[in-house]
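Visitor: Quick one: the structure is below, questions incoming.
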Amino acid sequence: MKKLLNTIPFSALDLATVVEGKTPADTFKKSLDLARHAEDWGYNRYWLAEHHNMISVASSATSVVIGHIAGGTKKIRVGAGGIMLPNHSPLIIAEQFGTLASLYPDRIDLGLGRAPGTDQATAAAIRGERMHAAQDFPGDVLRLQAYLSPDNHRSNVRAIPGEGLDIPIWILGSSTDSAHLAAALGLPYAFASHFAPAQFLTAINIYRKNFKPSEHLAAPYVLACVNVVAADTDAEANKLATSLYQLFRGIVTGKRRLLQPPVDSMEGIWTDYEEEQAGQMLACTFTGSKETIKADLQQFLDQTEVDEIMATSHIFDHNARLRSYELLAEAFGR
-15 MKKLLNTIPF
-5 SALDLATVVE
5 GKTPADTFKK
15 SLDLARHAED
25 WGYNRYWLAE
35 HHNMISVASS
45 ATSVVIGHIA
55 GGTKKIRVGA
65 GGIMLPNHSP
75 LIIAEQFGTL
85 ASLYPDRIDL
95 GLGRAPGTDQ
105 ATAAAIRGER
115 MHAAQDFPGD
125 VLRLQAYLSP
135 DNHRSNVRAI
145 PGEGLDIPIW
155 ILGSSTDSAH
165 LAAALGLPYA
175 FASHFAPAQF
185 LTAINIYRKN
195 FKPSEHLAAP
205 YVLACVNVVA
215 ADTDAEANKL
225 ATSLYQLFRG
235 IVTGKRRLLQ
245 PPVDSMEGIW
255 TDYEEEQAGQ
265 MLACTFTGSK
275 ETIKADLQQF
285 LDQTEVDEIM
295 ATSHIFDHNA
305 RLRSYELLAE
315 AFGR
């Protein structure tokens, strides 16, 4: 049976973007404001992601910001999309998210990623002698699950709080490696198609084909994260999207900046090469009016048959960003 937008959950990913002329403190206030609106508009979950040494991303202390958002909202699920587990001890993450889940019962999600969420020099500063910890990612996920299990009460090392709490764990991915792991463990799978769409279709096919039911999940569950810039007209949305394009130009060139205001045209700002490289990363980007967004997202859903769509929106003006998320909710029929 064909899936329709108004039949699936939709969610928000907030990269806690710092815009030109503002500070991380401003960002956190705006994030909470957006989360409260998203809750009112029917969004299913609100995730934040761990990044480090990035001038435009303020969510480095991810669990702290999750607590800020959860504490300022009432019912929307809040979580990590994700925690880069090789940067941490599984026990510490079990304790942190056990604390969050104790404070905000039945509202906390824990998405786990393998990448460092930063450059190699910063990763070395974070991981120290554990620079190759990514190789231990599957084992670390199992250790984290063990700490959260009620059976762990017999262990000499326990996560207090955390032990025995029902904290949904997700595997995050931007390649096919994560698909195999999510399938083997019977966990829900969230794909970073908002910046790494190249292996998206291959990865979710691997996940679905190899999925093994578990006590956590009976059937495969795929969440796709995409970029969305919505406005009252296509023209307005296309202009707002130039802030996103400038951000990805910075990724391509290695010259990151705070999120820049929109411009009338990207001509003269990026080269043909930069445009092509950014365009490849932005293949899962949806820009336009509510009607345009709705039609394009329905086509995306027809192609992928995902179970949930999560949107991230790099928009310079806060009110325009709120409007984008409001229009997206309307496109989903909420």
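All residue numbers for the sequence shown refer to my numbering, where the first residue is -15 and numbers rise by one.
All C-beta atoms in this analysis are idealised placements derived from N, C-alpha and C, irrespective of residue type, glycine included.
1. Could you tell me which residues DSSP puts in a beta bridge with Glu251?
2. Grouping DSSP H, G and I as helix and E and B as strand, with all else coil, what is Asp216?
3. Across the region 46 to 64 and the region 5 to 22, are there enough close Cβ pairs to call them in contact, namely three or more that are closer than 8 Å?
4. For the pair the region 167 to 175 and the region 67 to 82, tell me if three or more CB-CB distances fall below 8 Å.
5. On a Cα-Cα basis, can you pick out the residue from Ala221, Ser133, Thr288 and Glu199 that is closest to Phe175?
6. Between Arg91 and Leu84, what straight-line distance do the alpha-carbon atoms span, to the nearest angstrom?
7. Let me know the secondary structure DSSP gives Val290 once reduced to three states.
8. Counting C-beta neighbours from all protein chains within 10 Å, is the total for Ser43 16 or more, i.e. buried, or is it exposed?
9. Touching or not, the region 196 to 206 and the region 253 to 260, by the rule of three or more beta carbon pairs under 8 Å?
10. Just to check my reading of the structure: Thr271 and Ala219 have Cβ atoms closer than 8 Å, yes? What is that Cβ distance to the nearest angstrom?
11. Should His178 be labelled buried (16 or more other beta-carbon atoms within 10 Å of its own) or exposed?
12. Could you check what DSSP says for Lys38 in three-state terms: helix, strand or coil?
13. Hey, could you find the ends of the alpha helix (DSSP H) Asp124 is sitting in?
14. Going by the beta-carbon positions, is the gap between Leu32 and Gly5 smaller than 8 Å?
15. Is it a yes or a no for the region 305 to 315 touching the region 22 to 42, going by three-plus beta-carbon pairs under 8 Å?
16. Quick one: Cα of Asp280 to Cα of Val49, how far?
17. Contact between the region 141 to 159 and the region 92 to 107: three or more CB pairs below 8 Å?
18. Output the distance between the C-alpha atoms of Thr276 and Gln264, rounded to the nearest integer angstrom.
19. Helix, strand or coil for Arg240? Go by DSSP, reduced to three states.
20. Short check: CB of Arg127 to CB of Pro70, under 8 Å?
21. Taking the CB atoms as reference points, tell me whether Val125 and Val206 lie closer together than 8 Å.
22. Could you pull out every residue in the same chain whose Cβ sits closer than 6 Å to the Cβ of Tyr229, ignoring the five residues on either side in sequence?
23. Give the DSSP-derived three-state secondary structure of Ala105 in the structure shown.
24. Do you know offhand how far Asn140's Cα is from Gly146's?
25. Can you check which of these residues, Leu185, Gln244 and Lys223, is closest to Asp286 by C-alpha distance?
26. Have a look at Ile188 and Phe284 and give me their C-alpha separation to the nearest angstrom.
27. Give me the residue from Pro89, Gly123 and Ser308 with the minimum Cα distance to Thr217.
28. Which residues in the same chain as Leu242 place their Cβ atom closer than 7 Å to its Cβ, once the five residues preceding and following it in sequence are excluded?
29. Between which two residues does the alpha helix (DSSP H) carrying Ile77 extend?
30. Quick one, which of Tyr131, Asp150, Lys(-13) and Arg233 has its alpha-carbon nearest Ile319's?
31. Does the Cβ-Cβ distance between Arg29 and Ile60 come in under 8 Å?
Guide: Let me lay it out:
1. DSSP output for Glu251 lists Trp254 as bridge partner(s).
2. Correct three-state label for Asp216: coil.
3. A contact between stretches requires three or more CB pairs, one per stretch, nearer than 8 Å, and the region 46 to 64 meets this requirement with the region 5 to 22.
4. Counting Cβ pairs under 8 Å, fewer than three are found: no touch.
5. It is Thr288.
6. Arg91 and Leu84: Cα-Cα distance of roughly 9 Å.
7. Coil, per DSSP.
8. Taking every protein chain shown into account, the CB of Ser43 has 16 or more other CB atoms within 10 angstroms, so this residue is buried.
9. The count of Cβ pairs closer than 8 Å, one atom from the region 196 to 206 and one from the region 253 to 260, stays below three, leaving the stretches out of contact.
10. Not really, about 11 Å apart at Cβ, beyond 8 Å.
11. Per the 10 Å Cβ criterion, buried.
12. It should be pointed out that residue 38 corresponds to Met in this sequence rather than to Lys. DSSP places Met38 in coil when its eight states are reduced to three.
13. Looking at the DSSP string, the run of the alpha helix (DSSP H) that includes Asp124 is Phe121 to Leu132.
14. If you check the CB distance, Leu32 and Gly5 do not come in under 8 Å.
15. Counting Cβ pairs under 8 Å, three or more are found: they touch.
16. If you draw a straight line from the Cα of Asp280 to the Cα of Val49, it comes to about 32 Å.
17. With the cut-off at 8 Å, the region 141 to 159 and the region 92 to 107 touch.
18. So the alpha carbons of these two residues sit roughly 21 Å apart.
19. If DSSP states are grouped into helix, strand and coil, Arg240 belongs with coil.
20. No, these two residues do not count as a Cβ contact at 8 Å.
21. Between Val125 and Val206, the CB-CB gap reaches or exceeds 8 Å.
22. Hits under 6 Å: Met250.
23. Three-state result, Ala105: helix.
24. Linking Asn140 to Gly146 through their CA atoms gives a straight-line distance of about 15 Å.
25. Of the candidates Leu185, Gln244 and Lys223, the one whose C-alpha sits nearest the C-alpha of Asp286 is Leu185.
26. Straight-line Cα distance between these residues: approximately 14 Å.
27. For the residues Pro89, Gly123 and Ser308, the minimum Cα distance to Thr217 belongs to Ser308.
28. Excluding sequence neighbours, Leu242 sits near Val2, Val3, Glu4, Ile39 and Ser40.
29. Pro74 to Leu87 is the extent of the alpha helix (DSSP H) around Ile77.
30. Past the edges of the chain, shown from -15 to 318, lies residue 319, and the structure says nothing about it.
31. Taking 8 Å as the Cβ cut-off, Arg29 and Ile60 qualify as a contacting pair.
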